[in-house]
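Asks: Chains as they are written, first to last, in the UniProt record's numbering: chain H, 1 to 332; chain A, 1 to 332.
We put the beta carbon where it would ideally sit given N, CA and C, even for glycine.
If you scroll down you'll find the structure; I have some questions about it.
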DNA sequence: CTGAAAGCGCTTACAG
DNA sequence: CTGAAAGCGCTTACAG
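The structure is reproduced here in structure tokens:
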């Protein structure tokens, strides 16, 4: 591997000048520039990012902390993050935290020792300590969905409150008369807001009862159990709004097993808009988050921050969208 | 951030000794050791991986090149790779190549300039040039599924040939009399071997005809189109073996649309064993690859290689497994 | 068992 | 416009 010294020697100048050329910092004579270019070409020179990093510059790598890449919501997000990172010449390290603060802390330490340039938190945790640590390390970060308890950073999320309302409205528009809700873990803002959206839209009706709200775990299994509970408590409901698509999958399964027709007897709507919603039978109506856009945006914001585009920390709320499919289609 | 020099100073010794202690290279007096430990604790010292990297040691990071994390086969693989990497103190960079050599090359260059320790290729491409480049860079790598055309490296794959045969056998055992096959892109060894497995199992039957083999793209859409073609050509088939689960999903969709009952009229079996196979209706029978195990193994092999555990390059072929579900259950 | 020195490949003031 | 020198935080022979 050629080094900057080799380039300098071949171009007949000093290392400093080559460095200046490379970084476009300071002047360099047109002719010298040409010589440098040629030398670089001839030697197939590529600067060492690690040396650069040691010398105090960017390491051109960011990290993406997420709970579990195996959860179908995250691959698309990760893809988007990586796509825009690549555009800017960054590389992304991905870390599965399983939502455990312990793991998250370990990652942060490891990342710090690698002089990572910034971190995207799509992970659920991130306590006060982490924030402090990051601040003391002076490493930029951006959050997905959840703003850190204390301290500020830019946040990208989508409008879960509106989403919850939209889901209910769609169900009502489809002619449903009594709607149950399976909500996700309430330490997740997303789950919380969707629940609030549901409740606010629904509490004016006289059929409403708190027992229509059943907890789930954002997984298929949780969706199944919750559906069983819901149908036992309220055999007369004609719609289920699941807090995410996985739980909706669970609901479809259980309803099918119980011989309850979807959507004729019970309509089902999910949330997130993951790809697999179109392979169920019936295909699942869902409130789609702009997952890819969220990933792209969060990545872009972080990189800007890293590169010194000072921008006020702010919360970006992206719009959600109803994808209407057969699982809520009440009439031919 | 404390540096090794701070530690040395606090412990009242030289930097060299601290380094020796850190790397467990060379002797260090028991008392000195204690002093170092204390100093490290007090200062909350953490060695800089990038400095270490510059000085010629591992950067403790590996890269995972895959076609697209959005393809449901890869998240589980990636998760496994990351899990074992973490155990060994490594961090993983993930790269979506979309199967394009151009992207792959770019990544390799970028990774090289970061002194990455090793690469896992789960990507489809990897031509001769890449291999040469890697060899010249002297960077360890391991492949998933596909051995590089030329040059050697360890390969982890599962037994696709057996898998193809197993799929057919299962269908025959279920009482199917005429089986079609949707095969994946033939530049992928996995797709090819599954096809061969099918053909070898089936060509002895007089119902067999080459027109029973229809190409797909390993995607849902391709599965749909192929199924349409297949059913038009051979309305009398009673089973479809799809080369992967996504295409099987497509098949289920189309059959449902055509009013053909699965499994009563046509049984369907997929391949890969991705999680979502259990959310379709009927649930999809599939030949499951040990995806997680494959990822864990490939990661472990790479890290061993990096750390100098010289091991003969070899091909590890893991077993596949039939997961029998309703989509092939012909009788109550 | 321990330390001084050189080096990894860059960048960054500081002179000129 | 250009170069010499110091420094980033480590490791690695080489002496002692």
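(1) Among residues of its own chain, excluding the 5 on either side of residue 4 of chain A, which ones have a beta-carbon nearer than 8 Å to its beta-carbon?
(2) Do residue 94 of chain A and residue 64 of chain A have their C-beta atoms closer together than 8 Å?
(3) Chain A beta carbons: is any one of them nearer than 8 Å to that of residue 181 of chain H?
(4) Name the DSSP beta bridge partners of residue 179 of chain A, please?
(5) Run through DSSP, which three-state label would residue 319 of chain H get?
(6) Flag this pair as yes or no: are the beta carbons of residue 90 of chain H and residue 301 of chain H separated by less than 8 Å?
(7) Considering only residues of the same chain and omitting the five flanking positions on each side of residue 208 of chain H, which have a CB-CB separation below 7 Å?
(8) Starting from residue 158 of chain H, follow the alpha helix (DSSP H) in both directions and report where the run begins and ends.
(9) Could you tell me the alpha carbon to alpha carbon distance between residue 220 of chain A and residue 24 of chain A, rounded to whole angstroms?
(10) Can residue 152 of chain A and residue 313 of chain A be called in contact, C-beta distance under 8 Å?
(11) Which residues in the same chain have their Cβ closer than 8 Å to the Cβ of residue 260 of chain H, if we skip the five residues on either side of it in sequence?
(12) Need the endpoints of the alpha helix (DSSP H) that residue 74 of chain A sits in, please.
(13) Where do the ends of the alpha helix (DSSP H) carrying residue 286 of chain A lie?
(14) Can you give me the start and stop residues for the beta strand (DSSP E) that residue 213 of chain A sits inside?
(15) Would you identify the three-state DSSP class for residue 226 of chain H, choosing helix, strand or coil?
(16) Using a cut-off of 9 Å between C-beta atoms, extract the partners of residue 265 of chain H located in chain A.
(17) When you compare only the Cα positions, how much space is there between residue 214 of chain H and residue 177 of chain H?
(18) Under DSSP, the beta strand (DSSP E) around residue 91 of chain A begins and ends at which residues?
(19) Would you list the residues sitting across from residue 61 of chain H in a DSSP beta bridge?
(20) In chain H, what lies closer than 7 Å to residue 53 of chain A by C-beta?
(21) CB residue 99 of chain A to CB residue 184 of chain A, shorter than 8 Å?
(22) Specify, as a first and last residue, the run of the beta strand (DSSP E) that residue 267 of chain H falls within.
(23) Relative to chain A, which residues along the region 209-235 of chain H have a C-beta separation below 9 Å, given in chain order?
(24) Taking any Cβ of chain A, which residues in the region 5-33 of chain H have a Cβ under 8 Å from it, in chain order?
(25) How many Å lie between residue 104 of chain A and residue 79 of chain H at the Cα?
(26) Does the pairing of the region 314-326 of chain A with the region 108-127 of chain A give three or more beta-carbon distances under 8 Å?
(27) Just checking: is the beta-carbon of residue 113 of chain A within a distance shorter than 8 Å of some beta-carbon in chain H?
(28) Run through the DSSP bridge pairs and tell me what residue 144 of chain A is partnered with.
(29) Kindly indicate which residue of A:269, A:171, A:8 and A:308 has the alpha-carbon position closest to the one of residue 35 of chain A.
(30) For residue 66 of chain H, name the three-state secondary structure that DSSP assigns.
(31) For the alpha helix (DSSP H) that contains residue 197 of chain H, what are its first and last residues?
(32) In chain A, which residues lie less than 7 Å from residue 75 of chain H when you measure between Cβ atoms?
(33) For the beta strand (DSSP E) that residue 118 of chain H lies in, which residues bound it at each end?
(34) For residue 147 of chain H and residue 53 of chain H, I'd like the C-alpha separation in whole angstroms.
(35) Given a cut-off of 8 Å on the beta-carbon distance, is the pair residue 226 of chain A and residue 269 of chain A in contact?
(36) Looking only at its chain, what residues have a beta carbon closer than 7 Å to the beta carbon of residue 118 of chain H, apart from the 5 residues adjacent to it on each side?
Replies: Checking against the coordinates, here is how it stands:
(1) Numbered from its first residue, the second chain carries residue 4 of chain A at position 4. Within the same chain, residue 4 of chain A has close Cβ partners 15, 18, 19, 22, 45 and 47.
(2) Walking along the second chain from the start, residue 94 of chain A turns up at place 94. Walking along the second chain from the start, residue 64 of chain A turns up at place 64. Yes, the pair counts as a contact, with Cβ atoms nearer than the cut-off.
(3) The count along the first chain starts at 1 and reaches residue 181 of chain H at position 181. It does not; no Cβ of chain A falls within 8 Å.
(4) Sequence index remark: in the second chain, residue 179 of chain A carries index 179 (1-based). Partner(s): A:239.
(5) The sequence position of residue 319 of chain H within the first chain is 319, counting from 1. Three-state DSSP puts residue 319 of chain H in coil, outside helix and strand.
(6) Position 90 of the first chain, counting from 1, holds the residue named residue 90 of chain H. Position 301 of the first chain, counting from 1, holds the residue named residue 301 of chain H. Contact: no.
(7) Within the first chain, the letter at position 208 stands for residue 208 of chain H. The residues are 202.
(8) Residue mapping note: residue 158 of chain H aligns to position 158 of the first chain, counting from 1. First-last for residue 158 of chain H: 155-158, but that is the beta strand (DSSP E), not the alpha helix (DSSP H).
(9) Taking the first residue of the second chain as 1, we reach residue 220 of chain A at position 220. Taking the first residue of the second chain as 1, we reach residue 24 of chain A at position 24. About 53 Å.
(10) By 1-based counting over the second chain, the position of residue 152 of chain A is 152. By 1-based counting over the second chain, the position of residue 313 of chain A is 313. Contact flag set, yes.
(11) Counting from one through the first chain, the residue named residue 260 of chain H turns up at place 260. 231 and 266, listed in sequence order.
(12) In the second chain, the residue the question calls residue 74 of chain A occupies position 74. Its alpha helix (DSSP H) spans residues 74-87.
(13) As a first step, residue 286 of chain A must be located in the second chain, where it is residue number 286. That residue, residue 286 of chain A, is in no alpha helix (DSSP H); its beta strand (DSSP E) goes 285-288.
(14) One-based indexing of the second chain puts residue 213 of chain A at position 213. Unbroken beta strand (DSSP E) run through residue 213 of chain A: 213-215.
(15) Taking the first residue of the first chain as position 1, residue 226 of chain H is located at position 226. In the structure shown, residue 226 of chain H sits in a helix (DSSP, three-state: H, G or I).
(16) Indexing the first chain from 1 puts residue 265 of chain H at position 265. Simply none; closest approach about 16 Å.
(17) Residue 214 of chain H sits at position 214 when you count from the first residue of the first chain. Residue 177 of chain H sits at position 177 when you count from the first residue of the first chain. Cα-Cα distance, rounded: 18 Å.
(18) The residue labelled residue 91 of chain A in the question sits at position 91 within the second chain. Looking at the DSSP string, the run of the beta strand (DSSP E) that includes residue 91 of chain A is 91-96.
(19) Taking the first chain and counting its residues from 1, the one referred to as residue 61 of chain H is at position 61. Its beta-bridge partners are H:91.
(20) Start at 1 with the first residue of the second chain, and residue 53 of chain A comes out as number 53. The contacting residues are 50.
(21) In the second chain, the residue the question calls residue 99 of chain A occupies position 99. In the second chain, the residue the question calls residue 184 of chain A occupies position 184. Not in contact: residue 99 of chain A and residue 184 of chain A (Cβ atoms no closer than 8 Å).
(22) Taking the first chain and counting its residues from 1, the one referred to as residue 267 of chain H is at position 267. That run of the beta strand (DSSP E) goes 267-272.
(23) 220
(24) none
(25) Along the second chain, read from residue 1 onward, the residue named residue 104 of chain A stands at position 104. Along the first chain, read from residue 1 onward, the residue named residue 79 of chain H stands at position 79. The alpha-carbon atoms of residue 104 of chain A and residue 79 of chain H are separated by roughly 15 Å.
(26) no
(27) On the second chain, residue 113 of chain A is found 113 positions in, with the first residue counted as 1. Yes, contact with chain H.
(28) In the second chain, the residue the question calls residue 144 of chain A occupies position 144. The partner list for residue 144 of chain A (beta bridge, DSSP) reads A:156.
(29) As a working mapping, residue 35 of chain A is identified with position 35 in the second chain. Comparing Cα-Cα distances from residue 35 of chain A to each of A:269, A:171, A:8 and A:308, the minimum goes to A:8.
(30) Numbered from its first residue, the first chain carries residue 66 of chain H at position 66. In this structure, residue 66 of chain H counts as strand in the three-state DSSP scheme.
(31) The sequence position of residue 197 of chain H within the first chain is 197, counting from 1. From DSSP, the alpha helix (DSSP H) with residue 197 of chain H extends over 189-202.
(32) One-based indexing of the first chain puts residue 75 of chain H at position 75. Neighbours of residue 75 of chain H on chain A, chain order: 69, 70 and 75.
(33) Walking along the first chain from the start, residue 118 of chain H turns up at place 118. From DSSP, the beta strand (DSSP E) with residue 118 of chain H extends over 118-121.
(34) Numbered from its first residue, the first chain carries residue 147 of chain H at position 147. Numbered from its first residue, the first chain carries residue 53 of chain H at position 53. Computed Cα separation, rounded: 29 Å.
(35) The residue you call residue 226 of chain A lines up with position 226 of the second chain. The residue you call residue 269 of chain A lines up with position 269 of the second chain. Contact: no.
(36) Locating residue 118 of chain H in the first chain gives position 118, counting from the first residue. The residues are 62, 139, 140, 141, 302, 305 and 306.
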